[in-house]
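Encoded as structure tokens, the structure appears first; notes follow it.
Number of protein chains: 4
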Amino acid sequence: MNFASDNAYGASAEILAVLIKASEGAVASYGDDPITARVQERLAKIFARDLRSFPVATGTAANSLILATLCPPYGAVFCHAESHIAVDECAAPEFFSGGAKLVLLEGDGAKITPAIIEAVLPNFQRGVHSPKPSVVSITQATELGTLYTPHEIRAIADCAHKNGMMLHMDGARFANALASLECEAADITWRAGVDALSFGATKNGALCAEAAIFFDPAMAKDFEYRRKKGGHLLSKMRFISAQLDGYLEDDRWLKTARYANALAKKLSVGLLQINGAELAQKVQANEIFVWLPDASIKRLRKAGAKFYDWMPPQDGRTMIRLVTSFATPEADVAKLLEIAKS
Amino acid sequence: MNFASDNAYGASAEILAVLIKASEGAVASYGDDPITARVQERLAKIFARDLRSFPVATGTAANSLILATLCPPYGAVFCHAESHIAVDECAAPEFFSGGAKLVLLEGDGAKITPAIIEAVLPNFQRGVHSPKPSVVSITQATELGTLYTPHEIRAIADCAHKNGMMLHMDGARFANALASLECEAADITWRAGVDALSFGATKNGALCAEAAIFFDPAMAKDFEYRRKKGGHLLSKMRFISAQLDGYLEDDRWLKTARYANALAKKLSVGLLQINGAELAQKVQANEIFVWLPDASIKRLRKAGAKFYDWMPPQDGRTMIRLVTSFATPEADVAKLLEIAKS
Amino acid sequence: MNFASDNAYGASAEILAVLIKASEGAVASYGDDPITARVQERLAKIFARDLRSFPVATGTAANSLILATLCPPYGAVFCHAESHIAVDECAAPEFFSGGAKLVLLEGDGAKITPAIIEAVLPNFQRGVHSPKPSVVSITQATELGTLYTPHEIRAIADCAHKNGMMLHMDGARFANALASLECEAADITWRAGVDALSFGATKNGALCAEAAIFFDPAMAKDFEYRRKKGGHLLSKMRFISAQLDGYLEDDRWLKTARYANALAKKLSVGLLQINGAELAQKVQANEIFVWLPDASIKRLRKAGAKFYDWMPPQDGRTMIRLVTSFATPEADVAKLLEIAKS
Amino acid sequence: MNFASDNAYGASAEILAVLIKASEGAVASYGDDPITARVQERLAKIFARDLRSFPVATGTAANSLILATLCPPYGAVFCHAESHIAVDECAAPEFFSGGAKLVLLEGDGAKITPAIIEAVLPNFQRGVHSPKPSVVSITQATELGTLYTPHEIRAIADCAHKNGMMLHMDGARFANALASLECEAADITWRAGVDALSFGATKNGALCAEAAIFFDPAMAKDFEYRRKKGGHLLSKMRFISAQLDGYLEDDRWLKTARYANALAKKLSVGLLQINGAELAQKVQANEIFVWLPDASIKRLRKAGAKFYDWMPPQDGRTMIRLVTSFATPEADVAKLLEIAKS
């Protein structure tokens, strides 16, 4: 019963099969291979427009390299105070950008709004004493498992662009978001004003593969140099690309995301039957933030279930995080519910 | 007939098999898994001492993160002018170190010596106007396919340490070097004074796996933070570690290196039977730098053989580079020789 | 009537006189001159211990270079959310450190406490995902004109050191603080656990001179290289040093600070006689943060008085900042009071 | 007898007088003062075009901040192997740019040519493996006291621009160069294709003042932020600007440069009368590189004359550097000649 993270499980059998096959023969290295080209074509089709995509091995690489491309060293990135780039990447964006500032915003459900951005902006418009507002970064699905609607993203994008900033989306769980929103990929990205996307695959069945996507190809050259300089251009690039190839093939990415989302839904519904259980956040993707009675939690820990405490105990309850993934066994959900309730 | 690089081929079947197996089950992420621990144990045994090893996905990451650990922003790294860190990594060491200077040294066979280092040192001992000499970096096997003997390394290490510098070894082709020298791994590393090693696997059968090795565990903490901050800590770390695990198991890494070396030897011996052929460098590992008549080269190109011109044509001959690998078919060597000679 | 900042006025006649005199003759450049040596001696005497001091031309240089010396690229600097390093230096510390994170703390009167630090620390003790807590930085006098007592500093230092962090003090207004506290310089620095000090002179009568001071000489070498690499080592260093020489000579620095403090006191006492006037902060040095009726403010603006609004108008009052300096004419204080009251 | 450097003397009386006067009254800080504006007007007039100028306190700041503005982190700066940016600034350009590479070129008299640039360029046109050629930097007068003619600069600029690079000029001794060439300032800068200039004043009579000049105002905003972030924006900016103001007033800068140049000429002519004396470089500005008999050198050292040995002794002679400045006493030249000859 591992609900600690969607990176606790390995890779999907289908992606592994594509990876094995990709190993055959000799091809050009550093991304000049047919698989890497095919991935870009697949993504262009999925996003319904010309774009440039760059495979990398980690989400931190995708995020940081994109932010460094969009934000000068003297710039500021506006993001939620709980965002992954703010609290889980050891200040990698600051490093890759050459010292840019992350401006931490508060907002319900780990989401930000134009009003929140505009309330802070004046502090950064006093000339060179403050870094220049350059990028807004949002996470979809958010770090609290919530979602931005196309309309909300459009409003943020308009606010960003009006103020001379670009819009980045951290899509480590983009598949879960899209599967839940039931719209097109374009609707929550470029059509809503997103300039660049960290398109995640690792959490949803790949071994180590993300794609940095620019909807404006003009930004690509800068990124390519930065990726190389950051040590993130793989010589045998086909092995990252093959993961993305297998991920995108036959809508596999959406199928696995739907599976994880459905488990999360089932799990949350089940947990709410427990006396004293209460959702801390809406369950919109594959993460559950829930207050549970300490007795339930104690039983779960004793049974070896893995998950994180998210807030310290309070009045006999603790807020925990449970994450489902493409590989979480359905039986584990049933088992966890049984133990938690008993 | 692909002799362009040892990264042109995919991965070995054995390593892929270990990788597939590693995908099973849920484990702790970010390197707290049993496979990552096992790799460190294997390396400690191979190098016959306690050490700390950190898997990363690229050689540039291993080199740059180690150099940043050993060299302050105001430091200088002494290396050969043709070394990979100097000419093939888009100045990644300068980026990761925060602006350190690479001091480019000339030396036969892409090798440097204490005398070469000492000739340049006085330029960097004028106080703060010059960066502080902090690291010497050598490549084993070198970028020209030559080798450092244990004795030569010891002399460089003594020179470095005496002058307050550390010694780094870029071992992208460490296996080829070791297989050729027929000594112990320790003899050309810590026993000879090497402080840190980029231990390559990618060119010799892995998909994307190198280990950054510190023979002094005290340097490990700094490296761990830098790896994370550089976006080089994989969430599903087991997938990089599994490659190293399969690589090291049963001396597989030395077997594949011996195979590649033997092919290179065979190829070079065959080529020298051509009228006008001449080795530009001793063939000590899996790379051949050879002057061939332009007629031979033309025939090879026409037949689709892949390799790099290394020097422009001169008097009817061109210097080319041929690289063999764990996966180069023996038949390709025979075929290339036949075409080159005919 | 310029109360906008203590950098609005020029330099004191005495310091200018020392500067002129320092121009005579030929001396060694880059700090190997007798004036620079004398400044270090003066500081050692004032602080009653061996120390290393490095003149630089700006406070941002002193702060950033010290922080980069104390904090690794993967480190975190804990400071008040309103501190100069956090909001007035365009993220210079992030740049000089190579991407360190500033952790912004809230606290009354722009001051932090051990409790505030310890409340946040656990977020940064989850391994490499967060930057490593490395430095606590406090400002004396603070950006709101308040002061830390020796006892308060000691408590912060103990908290910092216990948690593996160093303590930096931004002393842009150190003279004003010391003059007000009526203790010894050592009492609010090394004796209270401060590791490094940005010792300001510019705001208190110099043209452009600060000293970066390390109470542990072992840190000096690193700093010297960083200063040079940051372009902050002046060839004709004597001209910065001479300012500090003239500043420290005959307790001049404390006299001018006392003058500015006394004017601030007088001004604040006078302002409180206005109906509706209210201090937002205690006036402990040379800055006044005061709520004044909008009618008073309107009259002052009309009369050409220069000062900053610090908070937007609220219920017919606005919070403004008034700063006095070594050169503020006493008559201006009287005049401002008269206009504000009338 | 100090001929060690043109930074060995203090400041000119006239510049000091302007500085003193600038101290009067309260003005806006951070460069929004009338003196800073006037300096830009003076420079625009001298260079006969609209431009943007930014005072800074050191030449390393001017060079590094300009290079960081013109060169991305993944770029390369082509410069002479003996240039100040390459060997005297502790790799400051690498730091400010975020890791750019300086490509060191050899050329007679510390000068480079289009042919030298073009010979190296192909090494940097292999895609992202090498940094992107972004800037050519030349020094006027060079570090060996030689000069580029307008025609030579034009040729370099054309070569740079044709290859997508910008042209920077390090003008630490720009006045000496211009005074010697007897052309207009525009002829050796923007009219010849120079994009940005480090305009030096410190070596020629100022205390600590250089101006970073962009002939294309569009680059100014980026520079302003970088200057602040680098700690190089002075709060009491008027004090740097006043130096430049006094420097440029009444052609003072050219008068002092002519004085220094004339002394250098006189000195070199005198030295050549010594048996065995030989110029190592043409004397075109205020620096002399000359081989002198060791006996002469010994007498000079004994008499307390200060200068640098530039090359180790060879066949009874040593190459030394002698530098004259605005403040070198004429009598010292006569005295040095007398001692050297006797």
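Residue numbers (the working numbering), protein chains in the order written: chain A, 532 to 873; chain B, 532 to 873; chain C, 532 to 873; chain D, 532 to 873. C-beta: ideal position from N, C-alpha, C; glycine also. Here the structure is a predicted model, which means the values were calculated and not measured.
Closer than 8 angstroms to chain B by CB, residue i
i             : result
residue 765/C : no
residue 661/D : yes
residue 547/A : yes
residue 626/D : yes
residue 503/A : The requested residue 503/A does not occur in the structure, where chain A is confined to residues 532 to 873.
Under 8 angstroms between C-beta atoms of residue i and residue j
i             : j             : result
residue 497/C : residue 729/C : Because chain C here runs from 532 to 873, residue 497/C falls outside it and cannot be looked at.
residue 629/A : residue 662/A : no
residue 739/C : residue 591/C : no
residue 569/A : residue 746/A : no
residue 814/B : residue 537/B : no
residue 675/D : residue 812/D : yes
residue 691/B : residue 700/B : no
residue 687/B : residue 667/B : yes
residue 636/A : residue 609/A : yes
Spatial distance of residue i from residue j (CA atoms)
i             : j             : result
residue 573/B : residue 770/B : 16 angstroms
residue 558/B : residue 754/D : 49 angstroms
residue 726/D : residue 586/D : 17 angstroms
residue 756/A : residue 626/A : 16 angstroms
residue 645/A : residue 616/B : 45 angstroms
residue 567/B : residue 792/B : 29 angstroms
residue 764/D : residue 830/D : 46 angstroms
residue 624/A : residue 595/A : 5 angstroms
residue 694/B : residue 723/D : 46 angstroms
residue 781/A : residue 706/A : 14 angstroms
residue 798/C : residue 871/C : 11 angstroms
residue 583/D : residue 775/D : 14 angstroms
Below-8 angstroms beta-carbon distance, residue i vs any chain D residue
i             : result
residue 611/B : no
residue 558/C : yes
residue 632/B : yes
residue 629/A : yes
is_contact[residue i, chain C] using C-beta, thresh 8 angstroms
i             : result
residue 739/D : yes
residue 600/D : no
residue 604/B : yes
Neighbouring residues, chain E, relative to residue i (Cβ below 7 angstroms)
i             : result
residue 621/A : Included in the structure are the protein chains A, B, C and D, with no chain E among them.
Chain A contact for residue i (CB, 8 angstroms cutoff)
i             : result
residue 562/B : no
Close Cβ partners of residue i (< 8 angstroms) along its chain, the five nearest in sequence each way excluded
i             : result
residue 790/C : 857
residue 761/B : 592, 595, 596, 627
Cβ shell of residue i (< 7 angstroms), same chain only, five flanking positions each side left out
i             : result
residue 841/D : 820, 850, 851, 852
residue 865/A : none
residue 638/C : 611, 644, 647
Contacts around residue i, its chain only, beta-carbon distance under 6 angstroms, and the 5 residues preceding and following it disregarded
i             : result
residue 721/C : 746
residue 577/D : 716
residue 868/D : 801
residue 539/A : 533
Fill in: chain B contacts from the region 751–782 of chain A (Cβ-Cβ distance under 8 angstroms)
Within the region 751–782 of chain A, the residues whose Cβ lies closer than 8 angstroms to some Cβ of chain B are 756, 759, 760, 761, 762, 763, 764, 765, 766, 767, 769, 770, 771, listed in chain order.
Worksheet entry | Near-chain D residues of the region 676–706 of chain B (beta-carbon distance less than 8 angstroms), N- to C-terminal order | none
Worksheet item: In chain order, what residues of the region 580–596 of chain A put their CB closer than 7 angstroms to some CB of chain B?
Response: 588, 589, 591, 592, 595
Item to complete: Below 7 angstroms between beta carbons is the criterion; list the residues of the region 716–739 of chain D that meet it against any residue of chain C, in chain order.
Response: 733, 738, 739
Practice prompt. Taking a Cβ distance cut-off of 8 angstroms, strictly less, list which residues of the region 840–858 of chain C are near chain A, in chain order.
Written response: In summary, no residue of the region 840–858 of chain C has a CB separated from any CB of chain A by less than 8 angstroms.
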